[in-house]
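Visitor: Sharing a structure, written as C-alpha cells. Questions coming.
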Amino acid sequence: MQLAKRWKIALISLSVVLGGLLVLPFLIPTESYRIRLQEAASEKLGEPVDIGRLSFTLLPWPAATLADLSIGAEQAVKLGAVTVTPDLFSLFDEVKVIQSVAVREVAVNPALLGRIAEWAKPRPGPQTVLVRRVELRGMNLDLGALKWGPLQAEVRMNMAGLQSVQAGPEDGSMTLTLLPEPEERYRVVLEGRQFKLPIKPALLFDSLQGQGRLTKQGLDLLQLNARLYGGDLQAPIRLDWRDGWQVDGTIKTTGVEVSQIVHMLSPSSAFSGRLYADGRYRMAAPSPGELADRLQAKVNFEVKDGVLDKVNLAQAAKLLTRQGSRGGQTRFDRLSGVAEVEGRQYRLREIEISSGILNAKGDVAISPAKELSGQVTVELKATATLVAVPLNVSGTVHDPLLLPSGMAVAGAAVGTGLLGPGLGTAIGSKAGQALEKLFK
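So the sequence shown is residues 32 to 471, counted in the numbering used here.
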C-alpha cells in the first residue's frame, strides 16, 4: 500500500509539474518582452526590426518563437517564424549563449546584399549575447527578374563574429560557402553538381566550381569553371552594387553542344553544333531586374559540325526566285563570326559558313522584335564554276526568308536564256551583281 501511495503521489506531482510547464507560457507577459527584443535586435543589427508576435514553449526544450518579422527600412528581409533556443546554463553568465536560431519562410530582396558583412560584424563594446548557429529554411531570394528558392543556409558565429556561412538550394545541387578574412572581406567558395541556373536559359551544369571575394561593395568571382552539355565553360565575373548594379565578366566555351541551349531560348528553333567562344560582356542598371536590357557584349564564336534549321542556303542560291526561300536545313562543317549585343539588339558580323557544297559570308542583325535583316553571299561549289549569289535576309528568327537581289535574279535569267543553265546562270548572276554595285 505504501509503495502504491508513493507512486500515486509521484504521478500527481509529475502531472502538476507538466501542467504547469504547459500553462506557464500563457502566463508570461509576451508583449513587454516583444518590444524589448525588437529594440535590442534593432540596436544589434543597426537596422529597424519589427516583430509581429512572440510566444514561449518549455517542452521539449525551452524556446521562444517570433513570428512575422521584418528587417530593414525597406523590409529587406521578411521572416515567417524564428525559433530561439537558449543555453540554459549560460543564463547566469556574463555572456548569454543562444544555441540555435531556426528561421523558416524567409524572403530576401536586393537591399540585403550590400549589408550582409555589416550585420555580421561585432558591435563595439562588450558582447552580452552570443548566437552560435542560425539555420534558415524555405528562403526565397527576390531580385526582380530573378526569383530563386527554396534556399537553405547555415550560419555559425563566435565572439569574434561570423565563422562561416553555407547556403544554397534545398536540393543540395549547389553550395556557397563564406569564410571571413581581414578587412571585412569574405572568401567565397562555390561548388555544384547537377545545378540548374535559376534564370533563363535554365542551363544545367554537370559540375560547377568557383572562388572569389565578397565585400560590402560587391562580389568578385576570380574563378568560375563549369562542365555542361559535353563541354567546358570559364566565366569569371564581378558584381558591384555600390551605385546601382554593375556586372562585368568574360566567357570562354570549349566544345559545348548548343542544341539544348537554343531550344530553351526558342523552342520552335533548332541549331546544333559544338560551340567554341571567347568574349566579354557588361551590364549596368539601377536594379537587378533591368540588367538584361542593358547587356553589352562582344563574343568571337565558332560552331563546328552542326545544322542550321529553317534555312537552306544551297537551295536559296540555286532557285534564284523572286519569292525567296523558306525552311529547310543547312549542314555545315564550320560556322564562325562575331556576336555583338546591345540591350535587346543583336548583330552577327563577319559570318563565315563552310561545308562540302558551299561557302557563305555575311552580316545579320536581329531586332528586339526578333526580326532579321542583312545579307549573305553564298558560293555554291559546282563542277565547272563557282556560283556566288547574294541573298537578302529578312523575316523573323522563327520564320527566316532568303531573297536574292533583284539584279542578281534578272542577270541569272538572262544568262540562262543566252548560255543555258549552269555557266550561263553564274555569268548572268555575276553581271547582275556588278550592275547593282555600279548604280548604288
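Backbone N, C-alpha and C define an ideal beta-carbon position, used for all residues, glycine too. All values derive from a computational prediction rather than experimental measurement.
1. Over the uninterrupted alpha helix (DSSP H) stretch that includes isoleucine 292, give me the two end residues.
2. List the endpoints of the continuous alpha helix (DSSP H) containing glutamine 346.
3. By Cβ distance below 8 angstroms, which residues in the same chain neighbour glutamate 383 in space, the five residues on each side in sequence not counted?
4. Tell me whether the beta-carbon of glutamine 248 lies closer than 8 angstroms to the beta-carbon of proline 267.
5. So alanine 26 and valine 115 are supposed to be a Cβ contact under 8 angstroms. How far apart are they, rounded?
6. If we ignore side chains and look at the alpha-carbon of each, how far apart do glutamine 291 and threonine 285 end up?
7. What does the alpha-carbon distance come out to for the pair alanine 191 and lysine 329?
8. For alanine 198, tell me which candidate among Glu215, Pro213, Met170 has the shortest Cα-Cα distance.
9. Return the chain-ordered list of same chain residues with a C-beta closer than 6 angstroms to the C-beta of leucine 228, the five sequence neighbours on each side being excluded.
10. Got a sec? Which residues, its chain only, sit under 7 angstroms from valine 424 by beta carbon, not counting five neighbours each side?
11. Would you check if there are 3 or more beta carbon pairs closer than 8 angstroms linking the segment 161-170 to the segment 181-191?
12. Can you tell me the Cα-Cα spacing of proline 317 and aspartate 274, whole angstroms?
13. Hey, aspartate 309 and asparagine 331 are a contact pair by Cβ (cut 8 angstroms); roughly how many whole angstroms apart?
14. From asparagine 189 to serine 297, what distance separates their C-alpha atoms?
15. Expressed to the nearest angstrom, what Euclidean distance is found between the alpha-carbon atoms of aspartate 336 and glycine 261?
16. State buried or exposed for isoleucine 82, treating a residue as buried only when at least 16 other CB atoms are found within 10 Å of its CB.
17. Beta carbon of leucine 322, beta carbon of valine 287: below 8 angstroms?
18. Would you mind reading off the limits of the beta strand (DSSP E) that contains valine 369?
19. Please report the distance separating the alpha-carbon of glutamine 240 from that of glutamine 225.
20. Tell me which same chain residues have a C-beta within less than 6 angstroms of the C-beta of valine 165, skipping the five on either side of it?
21. Between which residues of its own chain and serine 204 is the CB-CB distance below 8 angstroms, once the five residues before and five after are set aside?
22. Would you call the CB atoms of valine 420 and alanine 348 closer than 8 angstroms?
23. According to the Cβ coordinates, are leucine 326 and valine 293 closer than 8 angstroms?
24. Just grab the DSSP bridge partners of valine 395 for me.
25. Looking only at its own chain, which residues have a Cβ that is under 7 angstroms from the Cβ of glutamate 125, when we skip the five neighbours before and after it?
26. Of the choices Pro117, Gln346, Leu252, whose alpha-carbon is the least far from that of glycine 355?
27. Distance check for serine 386 and serine 303, CA to CA, integer angstroms please.
28. If you draw a straight line from the alpha carbon of leucine 221 to that of glycine 426, how long is it in whole angstroms?
29. Quick one: complete beta strand (DSSP E) runs, 3+ long, within the segment 192-255?
30. With DSSP run on the structure shown, which of helix, strand or coil describes aspartate 279?
31. Please classify methionine 295 as buried or exposed, where buried requires at least 16 neighbouring CB atoms within 10 angstroms.
32. Give the secondary structure of valine 445 by DSSP, where H, G and I count as helix, E and B as strand, and everything else as coil.
33. Let me confirm a value: arginine 67 is counted as buried when at least 16 other C-beta atoms fall within 10 Å, else exposed. Which label applies?
34. Which term fits alanine 257, buried or exposed, when burial requires 16 or more other beta carbons within 10 angstroms of its beta carbon?
35. Which residues in the same chain have their Cβ closer than 7 angstroms to the Cβ of serine 398, if we skip the five residues on either side of it in sequence?
Guide: From the atom records:
1. 290-296
2. 344-350
3. Arg365, Leu366, Ser367, Gly368, Asn390, Ala391, Lys392
4. no
5. Outside the shown range of the chain (32 to 471) lies residue 26, about which nothing can therefore be said.
6. 16 angstroms
7. 45 angstroms
8. Met170
9. Leu234
10. Val395, Leu403, Ser404, Gly405, Gln406, Val407, Pro431, Leu433
11. yes
12. 8 angstroms
13. 5 angstroms
14. 50 angstroms
15. 14 angstroms
16. buried
17. no
18. 360-373
19. 12 angstroms
20. Val132, Val186
21. Gly223, Arg224, Gln225, Phe226, Lys227
22. yes
23. no
24. Leu379, Gly405
25. none
26. Gln346
27. 15 angstroms
28. 43 angstroms
29. 192-200, 205-212, 216-227, 235-245
30. strand
31. exposed
32. Since pLDDT at valine 445 reaches only 40, below the 50 mark, its modelled position is unreliable, and no value is offered.
33. exposed
34. buried
35. Gln376
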